[in-house]
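Here is the structure we will look at.
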Amino acid sequence: MAAPATDRAGSGGQGPSNGPSNITLAKALNDGLRAAMEGDDKVILMGEDIGKLGGVFRITDGLQKDFGEQRVLDTPLAESGIIGTAIGLALRGFRPVCEIQFDGFVFPGFDQIVSQLSKLRYRSQGKLPMRLVVRIPFGGGIGAVEHHSESPESLFAHVAGLKVVACSNAADAYWMIQQAIDSDDPVIFFEPKRRYWEKSELDTSVKPRPLHTSRVLRTGSAATVVAYGPMVRTVLDAAAAADCELEVIDLRTLSPLDLAPVFDAVRRTGRLVCVAEAPGESSITAEVAARVQQECFYSLEAPVLRVTGFDTPYPPSKCEEYYLPDLDRVLDAVDRVLAH
Amino acid sequence: MPSPPHEPPSWRQHASGTHAAATAVEAEPSAEQVIAGLRATSEGGVQLLNPEGERVSHPDFDLEISAAELKSLYRDMVLVRRVDREGNALQRQGQLGIWVPLLGQEAAQIGAGRAMAPQDMAFPSYREHGIAWCRGVDPTELLGVWRGTDHGSWDPNDTGFQLYTIVIANQCLHATGYAMGQRFEGMIGDSETGEATICFFGDGATSQGDVHESFVWAAVYDAPVLFFCQNNQWAVSEPTERQSRVPLYRRAQGYGFPGIRVDGNDVLATLAVTRWALEECRTGNGPVLIEAFTYRMDAHTTSDDATRYRLAEELEAWKLRDPIERVRVHLVREGLAGQDFFDGVAAESDELAQRVRSHAEAMPQPGPERIFSEVYAEASPPVQAQREEFLAYHATFVDTEEPLAGSSIDTEEPLAGSSIDTAGDR
Ligand SMILES: Cc1ncc(C[n+]2csc(CCOP(=O)(O)OP(=O)(O)O)c2C)c(N)n1
Ligand SMILES: [Mg+2]
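Those protein sequences? They're chains A and B, same order as listed. Just so we're aligned: 317 in our numbering is position 317 of the first sequence, and the numbers increase by one with no gaps anywhere. In our numbering, each residue's number is its place in the second sequence (first place is 1) plus 1000.
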């Protein structure tokens, strides 16, 4: 086991320094939540084990101690209860941020998210805005038992009225969580759990880009590779290892999608590979492929390829290395689009 | 229905008038409150063998038990504790991704498990290794779930022990539906051959809507289901007070069926009360709720650090109520077992632990074809195509046949585990 969790996400009451620092994605989320809570006393956190324990990933570490039990609620063990009461609190003017302990445990709360959270603005014609964030650690690669490694983002992106984002690095985690809390729409906020303890640069003096924008991380002329969440790191590693120049785009926002940079890149490279851990069927990657063929049909030199999890349940963890897209599978797909 | 157990001590109750003031700030229980909580067990729960190892009588639940039966219960508890400790050790040594300990809950599980008849069905959550034992599921069969090679390899139909369910409380509705089926097929009524279902869940689980719906369904359909709640005082880091204002057994009353609290660290009381409740279900008087008042003596899982949220005194106090020790003391005091019996059980448990260990160490790495196996009854052409394509691709890496090391994360989490050899690479 690594060092005690307190030393990883724990902030000890300190926000990030003003200027560049190298911090973990987990700590960036912790700092971002703290900043949002300091900025608006209507921001409250709700979830299982998020108080004294600081959450099973320690994302809320120290926040109950500093903001009290009325701002950081250790709720009873029921996700429908968490989302449903958070909706009530939002109706009352609070800005609840709900933590779902693991991707696979959001489903008891799915009814409230799909039937109510997504539709209250529409039904009330704007009189009842839903300022509510649902944080979900997602994805596999951590050797966990069932229901702890899933990628259900497409299920939420399919629901009108919800906004869906996924962060992939510390700076995005820090800013995107604050922007999501600030949003007047409900945001399903996906966190790449296997990247929680990876460090990257956060410079709080650099103004963030708007929440619902994708981002070009690396430019290249041979082919475009699109990813989000935990696969961004994998794709960057693949691009570093490739013997050609790959353009890498982090989608960041899954609903609404921001595909202008992708269209632009595909028009230049003529080739696209979409990468995600989630099963490919009826997914974010399917949506990207469909829109790209529509917008960029005459620029495409090869079929759009997808590298995804299989259309099966998430397997026992000893098989996850086969299931999850890795550097080799990404490069294999790149070779295949380049072969055209 | 036996007479209602006594009221719990006042600190566990919320007098409605003072509730808001009293809980505006949830104070940590003091050491005295912890001790008062223990009194709640002896006062409020059925007990037949006290922590000092003395038989106590109860007006509704007396149990005639032979020395051989007592020794057998003792043996069961020692063996499952030994398997449990071996599971913990195997996780620490990287053989398992995670282990979910039952330490402290041996009496609740062996008492309940040994009350079951062969024709009964059990629906576990994920901590019921002792129930598995009683159903004849070999402990080695449990390992795959925690090692990550399968999602449960035993046959639920052959063993009368369903697969572990990790999504909290989902299984409670399944148990209820199964019991409805037992009733619809006319399998209840006879005290010898009648069937019953037993559903295991925790104190935290009682907050889930699935538990509420199970209680409603079971009541409306007179389902022969025994809801067996192991109140081990904690749901990861949250004490039972986070889930309920009233003792959990009292919930049943509102649904129209009996609820009863038993000292879950007393194997005799648990056995007697569970036998009674299963008999009620078997003969058409279900459902019943049992709250087994017990204690999770270890962390939530091997990924959890309980020192972050609970008092050391609490554990020390519960150690005095150890479920195995009181039976040992009783056997010795009454002259029912000599040293050679205890030595024999100890030797047997060492052998069992060794067998579990050897099995874990020899478990094969599943191949990629496992991913695609049994997704559907009728093969899905797209999944078949993915299978063929991936296996062909995988075959191009022939020389990397050694087990793949998973990437890992230290989750400190309920049911996730760091995988094996890369735990230090961060
Ligand atoms: C629906 C759902 N939400 C959250 C979790 C994460 N989780 C796993 S165990 C647990 C606590 C369960 O407590 P309790 O019901 O008392 O059972 P115990 O673990 O104490 O046996 C939690 C929150 C889960 N498995 N399923
Ligand atoms: Mg519990």
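Every residue, glycine too, gets a C-beta built ideally from N, C-alpha and C. None of the values given here were measured: they were computed from a predicted structure.
- Residues lining ligand 2 by the Cβ criterion, that is a Cβ closer than 7 Å to any of its heavy atoms, are B:G1202, B:D1203, B:G1204, B:Q1230, B:N1231, B:N1232, B:Q1233, B:W1234, B:A1235 and B:R1296 in chain order.
- Rounded to the nearest angstrom, the Cβ distance from A:S200 to A:I249 is 17 Å, too far for a contact under 8 Å.
- Just so you know, the alpha carbons of B:R1296 and A:R121 end up roughly 45 Å apart.
- Shown here, A:Q294 sits in a helix according to DSSP, grouped into three states.
- Cβ-Cβ distances below 7 Å link A:I82 to M46, G47, T75, C98 and G109 in the same chain, with the five nearest sequence neighbours on each side left out; the list follows chain order.
- Taking the C-beta atoms as reference points, A:E153 is found nearer than 8 Å to A:F190.
- Shortest gap from the CB of B:V1145 to any heavy atom of ligand 1: 7 Å or more.
- Not flagged as an interface residue toward chain B: A:H340, since no C-beta distance is shorter than 8 Å.
- Under the criterion of beta carbons closer than 8 Å, B:F1201 and B:V1211 qualify as touching, at roughly 7 Å.
- At a Cβ-Cβ threshold of 8 Å, B:T1159 and B:V1145 do not count as neighbours.
- Between B:A1112 and B:A1169, the CB-CB gap reaches or exceeds 8 Å.
- Taking the CA atoms as reference points, B:P1118 sits about 51 Å from A:K65.
- Along the segment 304-318 of chain A, going in chain order, the ones with a CB nearer than 8 Å to a CB of chain B are F310, D311, T312, P313, P315, P316, S317 and K318.
- Contact between the segment 265-276 of chain A and the segment 169-186 of chain A is absent, with fewer than three C-beta pairs closer than 8 Å.
- For A:A260, the nearest beta carbon of chain B is not closer than 8 Å to its own beta carbon.
- Membership of B:C1134 in the alpha helix (DSSP H) is indicated by the continuous run H1129 to C1134.
- Assigned with DSSP and collapsed to three states, B:T1294 falls in coil, not helix or strand.
- Comparing alpha-carbon positions, the option among B:L1278, B:Q1243 and B:E1213 lying closest to B:S1191 turns out to be B:L1278.
- The straight-line gap separating the alpha-carbon atoms of B:L1352 and B:V1078 is approximately 11 Å.
- By the Cβ test, the segment 1272-1288 of chain B is in contact with the segment 1253-1260 of chain B, since at least three Cβ pairs between them sit closer than 8 Å.
- Where B:R1275 is concerned, the enclosing alpha helix (DSSP H) starts and stops at V1267 to R1282.
- By a beta-carbon distance limit of 8 Å, A:S149 contacts A:G139. Their separation comes to about 7 Å.
- Below the 8 Å Cβ cutoff, chain A contributes P76 and L77 as neighbours of B:Q1243, in chain order.
- Within chain A, the residues placing a beta-carbon under 9 Å from that of B:T1149 are P316, S317, K318 and C319, ordered along the chain.
- As the crow flies, the alpha-carbon of B:I1198 is around 14 Å from that of B:R1183.
- Listed along the chain, the chain B residues whose CB falls inside 8 Å of the CB of A:K52 are S1237, R1308 and Y1309.
- A buried status is given to A:P96, since no fewer than 16 other beta-carbon atoms sit within 10 Å of its beta-carbon.
- Counting only Cβ-Cβ distances below 7 Å, B:I1290 has no contacts in chain A at all, with the closest Cβ about 20 Å away.
- Between the segment 1258-1268 of chain B and the segment 1207-1225 of chain B, the count of C-beta pairs closer than 8 Å stays below three; the two stretches do not touch.
- If you draw a 10 Å sphere on the C-beta of A:H212, you find 16 or more other C-beta atoms in it, and that means buried.
- Put simply, the CB of A:A170 is far from chain B, with every gap to its CB atoms at 8 Å or more.
- In the structure shown, A:D264 falls within a helical segment according to DSSP collapsed to helix, strand and coil.
- Buried is the label assigned to A:S118, since at least 16 other Cβ atoms lie within 10 Å of its Cβ.
- Residue contact with chain A for B:G1209: present (Cβ-Cβ distance below 8 Å to some residue of chain A).
- Rounded to the nearest whole angstrom, the CA to CA distance from A:E287 to B:G1209 is 34 Å.
- Taking the Cα of B:A1235 as reference, the smallest distance to any Cα among B:E1141, B:M1187, B:R1310 and B:T1193 is reached at B:R1310.
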